[in-house]
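J.: Below are the structure tokens for one structure; questions will follow.
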Amino acid sequence: MSMTKKLQRMKKHLVREETAVPIKKQQENIRHWDMWEAAGANIFHFEGEYCITRETHYSLDYQHGHYTFLDAERTIEDWSSFEGAHPLSAKGFSSSDLYFFDTETTGLRGSGSVIFLLGTARISGNRVTVKQYFLPSPGNETALYAKFLQETDYTTLVTYNGKSFDWPQVKSRHTFVRERVPALPAFGHFDLYHASRRLFKHTMESVKLVNVEKNILGIERIDDVPGHLAPIIYFDYVERGDPEGILQVMKHNERDILSLLTLYTHISRLVLDGSTRKDDRTALEIAKWFESSGNVDAARMALAQSAGRGQDNVALEAAYRLAMQYKRRKSFEEARMLFDRVRHSRSTRALDASIELAKLYEHTWKEIDEAFKVTEQAIEMVTDERIRKEVEHRLTRLERKKSKDLKN
Amino acid sequence: MKKKTLSKLITELRNNEHIINWHEIEPEEAKTKPIPEMIDERIRKALWQRGVGELYTHQYSAFKAVESGENIVAVTPTASGKTLCYNLPVLQSIAENEANRALYIFPTKALAQDQKSELNEMISEMGIDIKSFTYDGDTSPAIRQKVRKAGHIVITNPDMLHSAILPNHTKWVHLFENLKYIVIDELHTYRGVFGSHVANVIRRLKRICSFYGSSPIFICTSATIANPQELAEQLTGNPMRLIDNNGAPRGRKHFVFYNPRVVNKPLNIRKSATVEVNNIAKEFLKNKIQTIIFARSRVRVEVILSHIQELVKKEIGTKTIRGYRGGYLPNERRAIEKGLRDGEILGVVSTNALELGVDIGQLQVCVMTGYPGSIASTWQQAGRAGRRHGEALIIMVASSTPIDQYVVHHPDYFFDRSPESARINPENLIILVDHLKCAAYELPFKEEEKFGPIEVHDILDYLEEERVLHYNGGKYHWAHESFPATNISLRSAAQENVVIVDQSDVANVKIIGEMDRFSAMTLLHDEAIYLHEGRQFQVEKLDWEHKKAYVRKVDVEYYTDANLAVQLKVLEIDRSTERNTTAIHYGDVTVNALPTIFKKIKLSTFENIGSGPISLPEEEMHTSAAWLELKEIGPELKEKALEQLLMGIANVLNHIVPILTMCDRNDIHVVSQIKATHTGLSTIFLYDHYPGGIGLAEDVYKRFDEVKAAAKDLIEKCPCQDGCPSCIGMEIGGMNAKRKSIQLIDQF
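If you read the protein sequences in the order shown, they are chains X and W. Numbering-wise, the first sequence is residues 1 to 408 according to full-length UniProt numbering. Numbering-wise, the second sequence is residues 1 to 748 according to full-length UniProt numbering.
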């Protein structure tokens with residue numbers, strides 16, 4: 001990069017503080033500024049462009065859904081005692097490090113769709129501060145990103161599907177102004193969409209944030225603008241300058257972000273505290289999550305919790321997975337009891353359990369007759385032709401072994 | 001049976017009474033230059049391994065010109081090693097600097113695939129880690145990321161560039177920042193509506209490049225057309241150097257016109273070209289001479305293929321004769337191409353799909369079923385026959401159509417004339433506005449910014465009024481929630497297309513294609529027979545409101561032909577040429593079209609075997625037109641007779657104009673009116689069959705004298721007595737119609 005360019009970039013870093021001072025005269029040029037002002041908005045000028053910002057504060061005892069923000073703060077701190085790796089682990093971070101983040105855009109794909117609203121929420125100094133950055137019209141993105149990047153730590157974002165949507169969009173739009181604002185470094189990320197899909201997919205048709213709010217978090221949206229109307233409302237604002245609709249979109253965005261705090265709290269608690277898992281299914285999903293992130297012990301405890309004594313598919317799935325864990329740990333007797341329980345059920349795992357058990361009899365305990373018996377019963381359950389071949393193959397082999405045993 | 005050699009067969013052919021012209025093209029020696037010193041040692045080694053020790057003169061000139069920073073268009077015949085014209089400078093540049101990038105644009109996916117394999121072979125021989133990828137609809141999402149970040153050479157097509165790469169340019173920062181070369185192969189295919197779109201896509205591409213600070217050099221290659229340099233400059237907006245010093249060697253070529261005998265004298269109907277082609281091809285194939293047979297339609301390919309396979313199955317077996325056309329699977333095609341190169345396949349029957357640069361090696365004989373439609377196309381097909389050493393034979397078998405008859409009777413027209421010009425009109429307002437939207441979506445427009453060479457201020461203002469753009473801070477920004485590229489197709493005309501839905505298999509209803517509205521009226525009406533990939537479909541229902549045509553596979557012995565009642569209104573006259581008793585004008589018109597009835601026509605005999613009504617609403621289109629007015633008419637001509645004469649002349653123009661302007665027969669329409677609405681005068685209109693016009697009518701206006709001479713000549717030279725379907729039609733009886741038509745034409 002040339003020196004001039006470098007200098008220019010530096011200069012922007014230097015001037016940023018003073019430009020934050022509102023200039024009365026220019027504000028008067030903004031249509032309906034009185035309405036903005038009443039909504040607590042501020043203006044940020046940068047290189048002849050401007051963006052509108054707005055800050056809202058909530059006290060920590062504010063209750064959003066089933067939790068207060070104090071619960072949120074405590075839960076984040078609770079991660080510090082969690083052993084092992086987890087995709088949502090905030091271990092090593094303090095509660096003020098996390099930026100809960102959401103955007104509103106003019107379209108869903110392509111370099112030409114614009115982010116017109118960026119919003120973050122953060123716990124700090126005994127309150128939650130929501131900051132919103134609004135693009136008053138296309139052509140002010142330098143100001144928008146300069147301000148946003150100045151104030152946000154994007155190494156610890158918490159989003160809802162931000163990994164594949166919001167952040168790539170930010171990167172894309174940043175490309176247009178990259179000469180004039182700081183570079184975007186790599187970012188760290190907690191994506192609650194993937195967590196929610198994992199845990200709640202079976203309880204709702206589509207794991208949209210609003211469904212999660214309603215079904216899981218105890219949040220009911222009243223007078224909310226549907227998100228898909230946001231682009232139209234935005235272009236209407238660009239044309240007419242009346243902020244009424246946009247303020248509603250900002251309210252919507254703010255609720256989305258606050259819900260992320262509640263959602264992060266809720267999911268973290270399910271992970272951290274076994275007693276919060278109200279039903280077997282949740283315990284099972286949490287266990288599978290532990291399995292996939294390599295927390296064997298935590299997974300086993302959660303599986304045990306889910307397996308219980310029930311004879312439903314969820315409990316039996318947990319029992320099967322638990323049995324597999326025991327088998328891997330060479331606790332064969334525990335494994336046998338669980339496999340037996342599963343294979344005598346009508347669960348979808350009955351066949352798998354039979355085969356696993358047959359393997360144990362054959363290879364571990366060398367009880368070929370038992371292995372044969374279990375396999376013979378297993379074949380009754382087979383529906384798939386390919387698997388039938390496999391099982392039949394196993395049966396023939398066992399038969400061969402059996403006759404060999406007899407001869408010996 | 002003893003096999004005859006090609007030269008023996010050629011000698012025998014000389015005595016054939018149906019051969020009406022025999023043209024010989026002298027052999028040429030190779031002209032070469034040493035490989036330039038500066039070429040990387042690894043590339044040199046790879047070339048050597050491929051048997052390239054020296055460069056042909058055109059390859060050398062191309063390399064030198066690109067090296068010195070010039071944009072080039074290389075015009076070379078088939079199989080002259082044109083790919084090296086771009087691969088050499090591109091590979092050299094990446095060998096010098098690993099960061100450099102190149103973008104290859106091919107008109108079709110299949111050609112892109114071919115290129116990738118050839119390029120990758122060469123790269124692996126070089127032993128340099130150069131990554132080349134195709135990026136098209138088939139590229140799996142898993143490797144798209146890799147292509148964007150790491151691909152040195154990205155091979156794609158204009159459609160993909162338009163709808164996926166440019167609108168997502170922020171994902172392609174690496175490519176655009178380091179883009180050194182843009183290769184446009186098969187340049188001549190970018191003409192007409194498609195070419196006009198592509199020119200605009202390239203304007204968008206150049207805007208994006210300049211945003212990322214690159215200004216790539218364009219390397220184009222083209223088959224022989226009259227105006228390669230002009231076309232390349234129009235398409236890319238850059239000055240071009242023409243490279244046409246072809247140095248590839250070639251053997252002797254015999255180019256022969258074969259006219260089947262007349263079987264119906266009054267109607268001037270000749271023996272079927274297809275039947276003649278079958279017999280001619282059989283003669284070569286059973287003597288084990290590698291032969292390619294071209295046919296104009298996919299159906300015709302299948303018909304000829306099955307006949308020839310039947311004729312030669314005793315001598316050589318059917319496996320060695322194959323068909324080749326659109327609709328075959330890619331790996332099937334690859335196998336055929338390889339078989340041809342290896343000599344395992346002896347004969348291939350193809351549509352113009354094999355005109356394009358697919359590598360099938362060089363065959364000995366080329367047989368064309370009818371005139372391919374343009375001089376350029378004919379030379380390309382002819383280029384398939386002709387090895388570097390030894391003789392080759394090209395036979396064009398004429399059908400009864402006027403175009404074919406005109407060509408075979410005017411060998412000088414064909415051999416002396418330069419091939420056609422390829423025309424585009426990137427300034428067509430509809431196309432332009434579409435691409436301006438896409439361009440504004442991709443990057444805001446600065447107030448003073450031009451789009452290519454043109455001022456677009458007014459259009460941007462218009463789009464702002466339409467609330468599609470928003471003006472702020474000296475720039476026009478995209479301000480709409482839509483994604484504009486999705487609604488714009490580069491390959492077909494009007495914006496709103498009719499989607500063709502195949503419901504043959506109820507469990508697996510699928511979309512098999514789309515068609516512009518105007519064409520759909522006559523090709524996709526209820527009960528129409530629609531041909532797709534050689535299969536017949538019958539339209540069960542055309543849902544005009546929702547723009548869907550539901551079709552089902554059928555197997556019938558006829559095709560359908562619809563009548564379109566056309567009304568023309570002149571909106572504005574741009575230019576006029578007044579003559580004594582006539583006038584020729586050029587300007588804007590409104591065309592109102594209403595389909596009326598359709599006829600079922602038997603495939604084998606062209607008999608009319610039934611008809612039915614079409615009920616569709618009228619369609620309106622604004623376009624450009626050239627029209628011929630008769631201000632005075634001899635008193636002896638009755639109105640009825642005049643009307644028929646005008647229709648006859650319109651028929652002749654309909655045949656002549658596509659030849660002269662190098663367009664598809666569907667691109668320009670001819671309509672005669674005994675009393676034109678705006679003047680009451682007898683008038684013949686020629687209009688561009690595309691909203692806004694694509695420059696064909698303008699071409700006709702400018703070159704009217706040429707058109708006129710060709711029309712007269714066609715009527716004069718037609719051997720019929722007094723009108724036949726090959727010239728003025730046959731519905732005018734007993735009035736000396738041919739002479740009167742010529743008199744009428746002479747008035748202009």
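Glycine is no exception: its CB is placed at the ideal position from the N, C-alpha and C atoms. Values in this document were obtained by computation on a predicted structure and should not be read as measured data.
Restricting to Cα atoms, I'd like to know which of W/Ile656, W/Lys631, W/Ile345, W/Ile336 is closest to W/Tyr413.
T.: The shortest Cα separation from W/Tyr413 among W/Ile656, W/Lys631, W/Ile345, W/Ile336 belongs to W/Ile656.
J.: Does DSSP put W/Cys209 in a helix, a strand or coil?
T.: Correct three-state label for W/Cys209: helix.
J.: Could you name the residues of chain X that W/Pro167 contacts, counting a contact when the two beta carbons are closer than 7 Å?
T.: Simply Gly110, Ser111, Gly112.
J.: If we count the other Cβ atoms within 10 Å of its Cβ and call it buried at 16 or more, is X/Lys25 buried or exposed?
T.: Caution applies to X/Lys25, whose pLDDT of 49 falls short of 50 and renders its modelled position unreliable; the model cannot decide the point.
J.: I'd like to know if X/Asn140 contacts chain W, where contact means its C-beta is closer than 9 Å to some C-beta of that chain.
T.: For X/Asn140, the answer is yes, since a Cβ of chain W falls inside 9 Å of its Cβ.
J.: Please report how far the alpha carbon of W/Phe415 lies from the alpha carbon of W/Ile394, in whole angstroms.
T.: One C-alpha to the other measures close to 14 Å.
J.: Using a Cβ cut-off of 9 Å (strictly closer), state whether W/Thr596 contacts chain X.
T.: Answer no: the Cβ-Cβ gap between W/Thr596 and chain X never drops below 9 Å.
J.: With DSSP as the reference, label X/Leu260 as helix, strand or coil.
T.: In the structure shown, X/Leu260 sits in a helix (DSSP, three-state: H, G or I).
J.: What does X/Ile232 touch in chain W if you count any residue whose Cβ is under 7 Å from its own?
T.: Within chain W, the residues near X/Ile232 are Glu481.
J.: What are the start and end residues of each continuous alpha helix (DSSP H) run of 4 or more residues lying completely inside the segment 215-249 of chain W, in chain order?
T.: Listed in chain order, the complete alpha helix (DSSP H) runs (minimum 4 residues) inside the segment 215-249 of chain W are 228-236.
J.: Let me know the alpha helix (DSSP H) ranges lying completely inside the UniProt domain "Helicase C-terminal" (279-430) of chain W, each 4 residues or longer, listed in chain order.
T.: For the UniProt domain "Helicase C-terminal" (279-430) of chain W, whole alpha helix (DSSP H) runs of length 4 or above, ordered along the chain, are 298-316, 330-342, 375-382, 402-409, 411-416.
J.: Take every Cβ of the segment 220-230 of chain W, pair it with every Cβ of the segment 266-286 of chain W, and state whether three or more of those distances are shorter than 8 Å.
T.: Segments in contact, no.
J.: With three or more beta-carbon pairs closer than 8 Å as the criterion, would you say the segment 166-182 of chain W touches the segment 161-178 of chain X?
T.: Touching, yes, given that three or more Cβ pairs across the two stretches are closer than 8 Å.
J.: Taking C-alpha atoms, which residue in X/Glu73, X/Pro243, X/Glu213 lies nearest to X/Ala39?
T.: Closest option to X/Ala39, Cα to Cα, is X/Pro243.
J.: Could you have a look at X/Thr396 and say whether DSSP puts it in helix, strand or coil?
T.: Helix.
J.: Determine the direct distance from the alpha carbon of W/Phe704 to that of W/Arg739, and round the result to whole angstroms.
T.: Going from the Cα of W/Arg739 to the Cα of W/Phe704 covers about 20 Å.
J.: With respect to the beta strand (DSSP E) encompassing W/Glu54, which residues constitute its N-terminal and C-terminal limits?
T.: Run containing W/Glu54: 54-56, per the beta strand (DSSP E) assignment.
J.: If the cut-off is 9 Å on Cβ atoms, which residues from the segment 428-443 of chain W count as contacting chain X, listed in chain order?
T.: Answer in chain order: Cys438, Ala440, Tyr441, Glu442, Leu443.
J.: Helix, strand or coil for W/Asp543 per DSSP?
T.: W/Asp543 falls in the strand class under three-state DSSP.
J.: Applying the 10 Å Cβ sphere with the 16-neighbour rule, what's the burial state of W/Trp627?
T.: Buried, by the Cβ-count rule.
J.: At a CB-CB cut-off below 9 Å, which residues of chain W make contact with X/Thr106?
T.: Result: Trp478, Ala479, His480, Glu481.
J.: Could you tell me the alpha carbon to alpha carbon distance between X/Val21 and X/Phe44, rounded to whole angstroms?
T.: Since pLDDT at X/Val21 reaches only 43, below the 50 mark, its modelled position is unreliable, and the value read off the structure follows with that caveat. Distance between the alpha carbons of X/Val21 and X/Phe44 is about 7 Å.
J.: Measure how close the beta-carbons of W/Thr134 and W/Gln113 come, nearest whole angstrom, since I'm counting them as under 8 Å.
T.: That pair is a contact at about 6 Å.
J.: Looking at chain W, is there any beta carbon in it that lies within less than 9 Å of the beta carbon of X/His393?
T.: It does not: the Cβ of X/His393 has no partner Cβ on chain W nearer than 9 Å.
J.: Does the count of Cβ pairs from the segment 570-586 of chain W and the segment 545-561 of chain W closer than 8 Å reach three?
T.: Output reads no: the segment 545-561 of chain W does not touch the segment 570-586 of chain W.
J.: Looking only at DSSP bridge pairs, what is X/Ser292 linked to?
T.: DSSP lists no partner for X/Ser292.
J.: With distances taken from CA atoms, which of X/Phe134, X/Glu37, X/Ala90 is nearest X/Asp191?
T.: That would be X/Ala90, whose Cα lies nearest to the Cα of X/Asp191.
J.: Taking DSSP as the reference, what is the three-state secondary structure of W/Cys724?
T.: Coil at W/Cys724, not helix or strand.
J.: I'd like to know whether the C-beta of W/His174 is nearer than 9 Å to at least one C-beta of chain X.
T.: It does not; no Cβ of chain X falls within 9 Å.
J.: Among the residues of its own chain, which have a CB less than 7 Å from the CB of W/Ser611, if the five just before and after it don't count?
T.: Within the same chain, W/Ser611 has close Cβ partners Ile597, Phe598, Lys599, Lys600.
J.: Have a look at X/Cys51 and W/Val506 and give me their C-alpha separation to the nearest angstrom.
T.: Looking at the two C-alpha atoms, the distance is approximately 55 Å.
J.: From W/Trp478, W/Pro453, W/Ser489, pick the residue whose C-alpha is nearest to that of W/Ile430; which is it?
T.: Here the closest residue by C-alpha is W/Ser489.
J.: Counting only beta-carbon atoms, is W/Lys475 nearer than 9 Å to chain X?
T.: It does: the Cβ of W/Lys475 has a partner Cβ on chain X nearer than 9 Å.
J.: Give the interface partners of W/Arg467 over in chain X, defined as CB-CB distance under 8 Å, in chain order.
T.: The answer, in chain order, is Phe235, Glu239.
J.: Determine which residues of the segment 33-58 of chain X have a Cβ less than 8 Å from any Cβ of chain W, and write them out in chain order.
T.: So the list reads Gly48, Glu49, given in the order they occur along the chain.
J.: Tell me which residue opens and which closes the beta strand (DSSP E) that X/Met381 is part of.
T.: Unbroken run through X/Met381: none, as it is neither H nor E.
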